[in-house]
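Colleague: In order, the protein sequence lines correspond to chains L and R.
Residue numbers for the first sequence follow the working numbering, beginning at 153 and rising by one.
Residue numbers for the second sequence follow the working numbering, beginning at 1165 and rising by one.
We put the beta carbon where it would ideally sit given N, CA and C, even for glycine.
First, the structure itself, so that you have it in front of you.
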Amino acid sequence: MANPLNNEEELFRKIREEKITIDRKIWDILYNRVGDAISAINLLCSYYLTINEPLPPKKARKILKHANVIKKVIHGIFTTKRKVSLFPELREDIKLHPIIIEIVSHHINNDTNAIMIISSFYTGKDFFKPIPIEDIKKILDRTKAIKDLLERLKEATGLV
Amino acid sequence: MIDNPKKLLIIDDEFDIVFYARKIYEKKGFLTFGADNGLTAVEIFKREKPDITLIDIHMPFSPIDGIEVLRRIKEIDRNAICIMFSRVTEKQKIEESKKLGADGYLLKPVDIEDLDRIIYEFVK
């Protein structure tokens, strides 16, 4: 998982104590679309771990496709200009609390970055080969980290 | 082995990023170096004089962040080519890095195709 922020526990404590929350429409996009993408990656990786076989590069391209969805969601909800064009249900003036921005952008960006870099290595034309079990586990750990973060945020912000 | 391969230094406090980015660009014929903290990165820069340096701005596990790494590298060689990895929320830091002479930036999560595009633009 991504390295924690230096003051991460403090930030989560503030979220709880100051009752910081996330606009429901943004949360739905974040939780559902990112959630769907990580679920797809998770299932794909889990299948190959279950059968104890390396993940073929063509399947690894699917991982990249799902990771790109996460990237679009994150860039979309944090960039005012893109927000409405990508997600018409959002208004430009919907703001996210800086603490939420700090936590979400740090963790999801870094974990997705790792998923993309690992998958890219095995799908590039220079090195087109199956992802070995040990690296499937690394991708899986990153998807679990994103899922855990979303659950932790859900609990801290009181979004149920 | 390519004669006189271009040198690439990758700086990120996430081990996986440095490790796999190095593997990718080694396959593409680069001589790569990696650092997971800013101080080591500056030392490697002094020693190896890389052609391109990729710097993550936000490195909570490093004693100095990517902006400070950029500042120190540009003090050593103001013509050093430095590309910053940034989060979409770090507009102020992107501006700061431009003022310090960064040659480009990419938003995280980084797409290898985008990274290729920006790297090959400078190694042409």
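Considering only C-alpha positions, which residue in the set R:Thr1253, R:Arg1236, R:Pro1224 and R:Asp1220 is nearest to glycine 1268 (chain R)?
Modeller: R:Asp1220
Colleague: Looking at the C-beta of isoleucine 1276 (chain R), does it have a partner C-beta in chain L at a distance below 8 Å?
Modeller: yes
Colleague: Pull the bridge partners of valine 1199 (chain R) from the DSSP assignment, please.
Modeller: Correcting the residue identity first, residue 1199 (chain R) is alanine in this sequence and not valine. DSSP output for alanine 1199 (chain R) lists R:Ile1175 as bridge partner(s).
Colleague: Keeping to the same chain, check which residues put their C-beta closer than 6 Å to that of isoleucine 222 (chain L); ignore five residues upstream and five downstream.
Modeller: Val186, Ala189 and Thr264
Colleague: Taking 8 Å as the threshold (C-beta atoms), are phenylalanine 280 (chain L) and lysine 1191 (chain R) in contact?
Modeller: Against a cut-off of 8 Å, the Cβ pair of phenylalanine 280 (chain L) and lysine 1191 (chain R) comes out as no contact.
Colleague: Return the residues of the segment 1238-1263 of chain R that lie within a Cβ-Cβ distance of less than 7 Å from chain L, sorted by chain order.
Modeller: Arg1251, Val1252 and Thr1253
Colleague: Can you check which of these residues, R:Arg1186, R:Glu1232 and R:Glu1178, is closest to leucine 1279 (chain R) by C-alpha distance?
Modeller: R:Arg1186
Colleague: For aspartate 1176 (chain R), which of R:Gly1202, R:Ile1216 and R:Asp1215 has the nearest alpha-carbon?
Modeller: The shortest C-alpha separation from aspartate 1176 (chain R) is found at R:Gly1202.
Colleague: Shorter than 8 Å from the beta carbon of phenylalanine 164 (chain L) to some beta carbon of chain R?
Modeller: Residue-level contact check: phenylalanine 164 (chain L) does not touch chain R, since none of the beta carbons of chain R fall below 8 Å from its beta carbon.
Colleague: Pull up the distance between the alpha-carbon of methionine 1248 (chain R) and that of valine 225 (chain L), whole angstroms please.
Modeller: 21 Å
Colleague: Find the nearest neighbour of asparagine 158 (chain L) within the set L:His258, L:Glu303, L:Glu307 and L:Ser272, judged by alpha-carbon distance.
Modeller: L:His258
Colleague: Hey, out of R:Lys1210, R:Phe1197, R:Glu1259 and R:Ser1250, whose CA is closest to arginine 1236 (chain R)'s CA?
Modeller: R:Lys1210
Colleague: Which of the three DSSP states, helix, strand or coil, is assigned to isoleucine 1237 (chain R)?
Modeller: helix
Colleague: Alpha carbon to alpha carbon, how far is lysine 1170 (chain R) from glycine 1198 (chain R)?
Modeller: Distance between the alpha carbons of lysine 1170 (chain R) and glycine 1198 (chain R) is about 14 Å.
Colleague: Please classify glutamate 1214 (chain R): is it buried, with 16 or more other beta-carbons within 10 angstroms of its beta-carbon, or exposed?
Modeller: As written in the sequence, residue 1214 (chain R) is proline, which differs from the glutamate given in the question. The residue in question, proline 1214 (chain R), is buried, as its Cβ has 16 or more Cβ neighbours within 10 Å.
Colleague: What residues in the segment 1177-1189 of chain R have a beta carbon less than 7 Å from any beta carbon of chain L?
Modeller: Considering only beta carbons, the part of the segment 1177-1189 of chain R lying closer than 7 Å to chain L consists of Asp1177, Glu1178, Asp1180, Ile1181, Tyr1184, Ala1185, Lys1187 and Ile1188, in chain order.
Colleague: By how many angstroms is the C-alpha of arginine 1281 (chain R) removed from the C-alpha of proline 156 (chain L)?
Modeller: 30 Å
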